[in-house]
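Q:
Number of protein chains: 2
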Amino acid sequence: MPNPSSDHQAAPTHRRIPEATVGRLPVYQRILEEVLRAGTTTVSSELLGSLARVNAAKVRKDLSLLGSFGTRGAGYDTAFLIEQIDRELGLNHVWPVVIVGIGNLGRALAHSHGFAARGFRVVALLDIDAAVIGEQVGEVVVRHVDELTTIASEQPLAIGVIATPPSAAQRVADLLMQSGVRSLLNFAPKVLEVGPEVLLRYVDLSIELQIMSFYQSRMVAPGEEGAMPVIRSIGLSTTGFD
Amino acid sequence: MPNPSSDHQAAPTHRRIPEATVGRLPVYQRILEEVLRAGTTTVSSELLGSLARVNAAKVRKDLSLLGSFGTRGAGYDTAFLIEQIDRELGLNHVWPVVIVGIGNLGRALAHSHGFAARGFRVVALLDIDAAVIGEQVGEVVVRHVDELTTIASEQPLAIGVIATPPSAAQRVADLLMQSGVRSLLNFAPKVLEVGPEVLLRYVDLSIELQIMSFYQSRMVAPGEEGAMPVIRSIGLSTTGFD
DNA sequence: CGATGTGAAATGCTTCACAGCA
DNA sequence: TGCTGTGAAGCATTTCACATCG
Numbered sequence: 460m461p462n463p464s465s466d467h468q469a470a471p472t473h474r475r476i477p478e479a480t481v482g483r484l485p486v487y488q489r490i491l492e493e494v495l496r497a498g499t500t501t502v503s504s505e506l507l508g509s510l511a512r513v514n515a516a517k518v519r520k521d522l523s524l525l526g527s528f529g530t531r532g533a534g535y536d537t538a539f540l541i542e543q544i545d546r547e548l549g550l551n552h553v554w555p556v557v558i559v560g561i562g563n564l565g566r567a568l569a570h571s572h573g574f575a576a577r578g579f580r581v582v583a584l585l586d587i588d589a590a591v592i593g594e595q596v597g598e599v600v601v602r603h604v605d606e607l608t609t610i611a612s613e614q615p616l617a618i619g620v621i622a623t624p625p626s627a628a629q630r631v632a633d634l635l636m637q638s639g640v641r642s643l644l645n646f647a648p649k650v651l652e653v654g655p656e657v658l659l660r661y662v663d664l665s666i667e668l669q670i671m672s673f674y675q676s677r678m679v680a681p682g683e684e685g686a687m688p689v690i691r692s693i694g695l696s697t698t699g700f701d
Numbered sequence: 460m461p462n463p464s465s466d467h468q469a470a471p472t473h474r475r476i477p478e479a480t481v482g483r484l485p486v487y488q489r490i491l492e493e494v495l496r497a498g499t500t501t502v503s504s505e506l507l508g509s510l511a512r513v514n515a516a517k518v519r520k521d522l523s524l525l526g527s528f529g530t531r532g533a534g535y536d537t538a539f540l541i542e543q544i545d546r547e548l549g550l551n552h553v554w555p556v557v558i559v560g561i562g563n564l565g566r567a568l569a570h571s572h573g574f575a576a577r578g579f580r581v582v583a584l585l586d587i588d589a590a591v592i593g594e595q596v597g598e599v600v601v602r603h604v605d606e607l608t609t610i611a612s613e614q615p616l617a618i619g620v621i622a623t624p625p626s627a628a629q630r631v632a633d634l635l636m637q638s639g640v641r642s643l644l645n646f647a648p649k650v651l652e653v654g655p656e657v658l659l660r661y662v663d664l665s666i667e668l669q670i671m672s673f674y675q676s677r678m679v680a681p682g683e684e685g686a687m688p689v690i691r692s693i694g695l696s697t698t699g700f701d
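First to last, the sequence lines map onto chains A and G. For the first sequence, our numbering begins at 460 and goes up steadily by one. For the second sequence, our numbering begins at 460 and goes up steadily by one.
#1: At which residue ranges does the segment 510–589 of chain A contain complete alpha helix (DSSP H) runs of 4 or more residues, listed in the order of the chain?
#2: By the 7 angstroms beta-carbon criterion, what residues does the segment 527–540 of chain A contribute toward chain G?
#3: By DSSP, does residue 602(A) sit in helix, in strand, or in coil?
#4: Checking 7 angstroms against the spacing of the C-beta atoms, do residue 585(A) and residue 602(A) come in under that value?
#5: Helix, strand or coil: which one does DSSP assign to residue 668(G)?
#6: Cβ closer than 7 angstroms: which chain G residues qualify as neighbours of residue 669(A)?
#7: Mind checking which residues open and close the alpha helix (DSSP H) that includes residue 631(G)?
#8: Assuming residue 644(G) is part of the beta strand (DSSP E), what are its boundary residues?
#9: Which first and last residues belong to the beta strand (DSSP E) in which residue 660(G) is found?
#10: Any beta-carbon of chain G closer than 7 angstroms to the one on residue 573(A)?
#11: When the distance is taken between beta carbons, is residue 554(G) closer than 7 angstroms to residue 738(G)?
#12: Which residues, taken in chain order from the segment 622–646 of chain A, show a beta carbon closer than 8 angstroms to some beta carbon of chain G?
#13: How long is the line joining the alpha carbons of residue 515(G) and residue 534(G), rounded to whole angstroms?
#14: Are there three or more Cβ pairs, one per stretch, closer than 8 angstroms when the segment 659–677 of chain G is compared with the segment 535–554 of chain A?
#15: Helix, strand or coil for residue 621(A)? Go by DSSP, reduced to three states.
#16: Between the segment 486–506 of chain A and chain G, which residues of the former have a C-beta closer than 8 angstroms to a C-beta of the latter?
#17: For residue 611(G), which residues of its own chain have a beta-carbon under 7 angstroms away from its beta-carbon, when the five flanking residues on both sides are left out?
#18: At least one CB of chain A closer than 7 angstroms to the CB of residue 524(G): is that the case?
#19: Sort 547(A), 591(A), 635(A) and 664(A) by Cα distance to residue 482(A) and report the nearest one.
#20: By how many angstroms is the C-alpha of residue 599(A) removed from the C-alpha of residue 710(A)?
#21: Which stretch, first to last residue, makes up the alpha helix (DSSP H) that contains residue 497(G)?
#22: Would you report the Cα separation of residue 626(A) and residue 659(A), rounded to the nearest angstrom?
#23: With distances taken between CB atoms, is the gap from residue 426(G) to residue 541(G) smaller than 7 angstroms?
#24: Would you say residue 584(A) reaches chain G, if we count a Cβ-Cβ gap shorter than 7 angstroms as a contact?
#25: Please say whether residue 510(A) and residue 650(G) have beta carbons closer to each other than 7 angstroms?
#26: Closest by CA to residue 571(G), which one among 648(A), 497(A), 615(A) and 632(A)?
#27: Do you know how far the Cα of residue 502(G) is from the Cα of residue 486(G)?
#28: Quick one: residues in its chain with C-beta nearer than 8 angstroms to the C-beta of residue 684(G), no 5 flanking neighbours on either side, listed in chain order?
#29: Determine whether the Cβ of residue 675(G) lies closer than 7 angstroms to any Cβ atom of chain A.
#30: By a C-beta neighbour count over all protein chains shown, 10 Å radius and 16 as the cutoff for buried, is residue 488(A) buried or exposed?
#31: So what does DSSP say about residue 596(G), is it helix, strand or coil?
#32: Given a threshold of 16 other Cβ atoms within 10 Å of its Cβ, counted over all protein chains shown, does residue 608(G) qualify as buried or as exposed?
#33: Report the residues of the segment 650–668 of chain G with a CB closer than 9 angstroms to any CB of chain A, ordered along the chain.
#34: At least one CB of chain G closer than 7 angstroms to the CB of residue 648(A): is that the case?
#35: With 7 angstroms as the threshold, decide whether the Cβ of residue 477(A) is near any Cβ in chain G.
#36: In angstroms, rounded to a whole number, what distance separates the CA positions of residue 575(A) and residue 528(G)?
Written out as C-alpha cells, the structure reads:
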C-alpha cells in the first residue's frame, strides 16, 4: 500500500505537459473517481490503462509527467492521484461558467451534476425568450442576454457555453468576448470566427456520429490489405488542431 | 473555376486515412456547407484553413489523401469537395440511430437538425419512464427499452446513443450490444466496459470544461520560460486514445 | 517479485519548400 | 501567376524494454 504522505516527490511547477496527455488526464480522473468509489485504494497502470483503453506504458508516462507519484511494486494511491490530477488541471480553483441558450441542451448542461463537483459554478443562465426568462433552472434564474454586461461587471466569467440556435451563435460569441470571456465552448452547429486570443472548443454532435460512421463503414467492408477487422475505441483528445 | 465533371482523379478505394485527418474531415465539411450556402463556389486551402484554424498545408495534405480534387491556381470546387468528403465518411449511406434516455439531452439530440441532413435517421427513442413513453419527439414515438430486441430484429441499428443517467448506462450498453449495435456514443458520465469489437466514443461535458480550465489557468499564469501568452484554439479530434 | 519510471527506438503527424499544372 | 500536390525535414507522441526500487 503506498503512503501518500511520506514518499512521493513534489510536483515540479509547470512542466510542459503534452497536449495529448492533457486530453487524457480528465479521463483518468473520472475513472479514478469511480474506482475509488468502488473502494479500490490502489490502482496499477495496467488497470487504469485497461479502463481508459490506453496502453499501460502510456499511462505511466502520462502520470510521470506530473511527478513521481507511484509506488514500485504496488501502483498508485487512488485518492492521492486524483488530487494531483485535479491540481494539474486547475480544478482547485472555482471556474464561473455562463450558459447562453436555455433550450433542451442548455438545460441538460445546467443540470449537469459533475459540474459543481469539479469546481465549475454555473453563475448565469441567459436567453432571449420571455417564456424562459425568470424561470429557475437548478440554482439559477434565467436572465435576458442583455444583462450580460452587468453580470460580467459584477463578477468575472471564465467560460462561456453557447447552446443557442446556430443563427444566434456568432452574435452571442461576440457579446461574450466583449464581456471579457476568454474561453468559449460552442455547441451550436456553426463555425465561429473569434480572435486568436480566445480559446475555442467546438462540440458538434453530428460530427461525433460522422466519425463513428466512418469507422463503422471500414469495419463492415472487408477491404484491401488483410481487412481492418476491428476499431478498438476512440476517445476525446485535444490534438489535431493548433 | 474548376470543372468537377472533367478533370479530377477518381478516389482510390480505401487508402489508409490517418486518424488525425478523419477527425478534421467533418469540420471541413461543415465549413464547406456554410461557405457554399454563402454562395462561394470555390475555396482555397488558405480560406478553408483559416476557418478551421488549421495550417493551409495541412488542409492540402488532408484533402490530397482523398484524391486530387483541387485545381491548381484556382482552389477546390466547394460542392464537389463536400460530395467527396461525404463519400469518404460514409455519409452516402443511411445510418439508423437509436437514442436511449429521453431527458433534456436525449431530446436535444433527437431534435438535432443536422442529423437527417447527414444521413443519420433516428429510428427509435427509448426510455423506461412511463411519463415519457408514448410521447412523440420529432417524428418518432418514445418506446420502452424492453422493446429494443424487437425493434432491432425488424431493422438494423447502426449507432446507439446513450443519454441516460450514469447508473443505467452500463446496462443500456450491454443491451445495445446484445442487440447487435456495434457503435456506441456515450454521453453519460460513466466509464463503460465494452468488448474490443465495439466502437465506443465518449463525450463528457465536464471533460470539455476541464480541458478549457487547464489551458486558461496556463494563460493567466505568467509562468516560467517567457510565459505562454495565448492558446489559439482547440478542436475535436479522434487521436489520443487507440 | 511486481510495478514504476524512463532512455531510446519506432511510429505518426505537421510543416516546409517547391515543382508542376491550370 | 496562383494555388495545388507532395517529397523530405522536423517535431510530437507512442511503444518498447529494462534498470530500479519498495
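Using N, Cα and C, we set each Cβ at its ideal position, and we do this for glycine too. Keep in mind the model is a prediction, meaning the values are calculated, not measured.
A: To lay it out plainly:
#1: 515–523, 537–547, 563–570 and 572–576
#2: none
#3: For this step, residue 602(A) is matched to residue 143 along the first sequence. Residue 602(A) falls in the strand class under three-state DSSP.
#4: The residue given as residue 585(A) occupies position 126 in the first sequence. The residue given as residue 602(A) occupies position 143 in the first sequence. Closer than 7 angstroms, so yes.
#5: Locating residue 668(G) in the second sequence gives position 209, counting from the first residue. Correct three-state label for residue 668(G): helix.
#6: Reading the first sequence from its first residue, position 210 is the one you call residue 669(A). Residues of chain G passing the Cβ test: 485, 548, 550 and 577.
#7: Residue mapping note: residue 631(G) aligns to position 172 of the second sequence, counting from 1. Taken as a continuous stretch (DSSP letters only), the alpha helix (DSSP H) holding residue 631(G) covers 625–637.
#8: Against the second sequence, residue 644(G) aligns to sequence position 185. 642–645 is the span of the beta strand (DSSP E), which, as asked, contains residue 644(G).
#9: Here the question's residue 660(G) lines up with position 201 in the second sequence. Run containing residue 660(G): 658–661, per the beta strand (DSSP E) assignment.
#10: Mapped onto the first sequence, residue 573(A) falls at position 114. Chain G contact via Cβ: present.
#11: This structure does not reach residue 738(G), given that chain G is present from 460 up to 701, and the question cannot be answered.
#12: 641, 642 and 644
#13: Looking up residue 515(G) in the second sequence gives position 56. Looking up residue 534(G) in the second sequence gives position 75. Rounded to the nearest angstrom, the two C-alpha atoms are 12 angstroms apart.
#14: yes
#15: As a working mapping, residue 621(A) is identified with position 162 in the first sequence. Strand at residue 621(A).
#16: 486, 488, 489, 490 and 493
#17: Residue mapping note: residue 611(G) aligns to position 152 of the second sequence, counting from 1. Closer than 7 angstroms at the Cβ level, and outside the excluded window around residue 611(G), lie 638 and 639.
#18: Stepping through the second sequence from its first residue, residue 524(G) is reached at position 65. Not one chain A Cβ lies under 7 angstroms of residue 524(G).
#19: Here residue 482(A) is taken as the residue at index 23 of the first sequence, counted from 1. The shortest Cα separation from residue 482(A) among 547(A), 591(A), 635(A) and 664(A) belongs to 547(A).
#20: Missing from the structure shown is residue 710(A); chain A here goes from 460 to 701 and no further.
#21: Indexing the second sequence from 1 puts residue 497(G) at position 38. Run containing residue 497(G): none; DSSP gives neither H nor E here.
#22: If you number the first sequence from 1, residue 626(A) lands on position 167. If you number the first sequence from 1, residue 659(A) lands on position 200. Approximately 18 angstroms between the Cα atoms of the pair.
#23: Past the boundaries of the shown model lies residue 426(G); chain G is included only from 460 to 701, so the question cannot be answered.
#24: In the first sequence, residue 584(A) corresponds to position 125, counting from 1. Chain G, which has no Cβ nearer than 7 angstroms to the Cβ of residue 584(A), makes this no.
#25: The sequence position of residue 650(G) within the second sequence is 191, counting from 1. The sequence position of residue 510(A) within the first sequence is 51, counting from 1. Yes, the Cβ-Cβ distance between residue 650(G) and residue 510(A) is below 7 angstroms.
#26: Within the second sequence, numbered from 1, the residue matching residue 571(G) stands at position 112. Ranking the options by Cα distance to residue 571(G), first place goes to 648(A).
#27: Taking the second sequence and counting its residues from 1, one reaches residue 486(G) at position 27. Taking the second sequence and counting its residues from 1, one reaches residue 502(G) at position 43. Taking the straight line joining both Cα atoms gives about 15 angstroms.
#28: Indexing the second sequence from 1 puts residue 684(G) at position 225. With a pLDDT of 29 at residue 684(G), under the threshold of 50, the predicted position of this residue should be treated as unreliable, though the coordinate-derived value follows. If we look at residue 684(G) and ignore the five residues flanking it on each side, it has no Cβ neighbours.
#29: Taking the second sequence and counting its residues from 1, the one referred to as residue 675(G) is at position 216. Cβ-Cβ to chain A under 7 angstroms: yes for residue 675(G).
#30: For the purposes of this step, residue 488(A) is taken as residue 29 along the first sequence, with counting starting at 1. Looking at its Cβ environment, which holds 16 or more other Cβ atoms inside 10 Å, residue 488(A) is buried.
#31: Counting from 1 along the second sequence, the entry for residue 596(G) is found at position 137. In the structure shown, residue 596(G) sits in a strand (DSSP, three-state: E or B).
#32: The residue you call residue 608(G) lines up with position 149 of the second sequence. Looking at its Cβ environment, which holds fewer than 16 other Cβ atoms inside 10 Å, residue 608(G) is exposed.
#33: 650, 652, 653, 655, 656, 657, 658, 659, 660, 661, 662, 663, 664, 665, 666, 667 and 668
#34: By one-based count along the first sequence, residue 648(A) stands at place 189. Yes, residue 648(A) counts as interfacial toward chain G.
#35: Looking up residue 477(A) in the first sequence gives position 18. Judged by the 7 angstroms Cβ criterion, residue 477(A) is not in contact with chain G.
#36: By 1-based counting over the first sequence, the position of residue 575(A) is 116. By 1-based counting over the second sequence, the position of residue 528(G) is 69. For residue 575(A) and residue 528(G), the distance between alpha carbons rounds to 48 angstroms.
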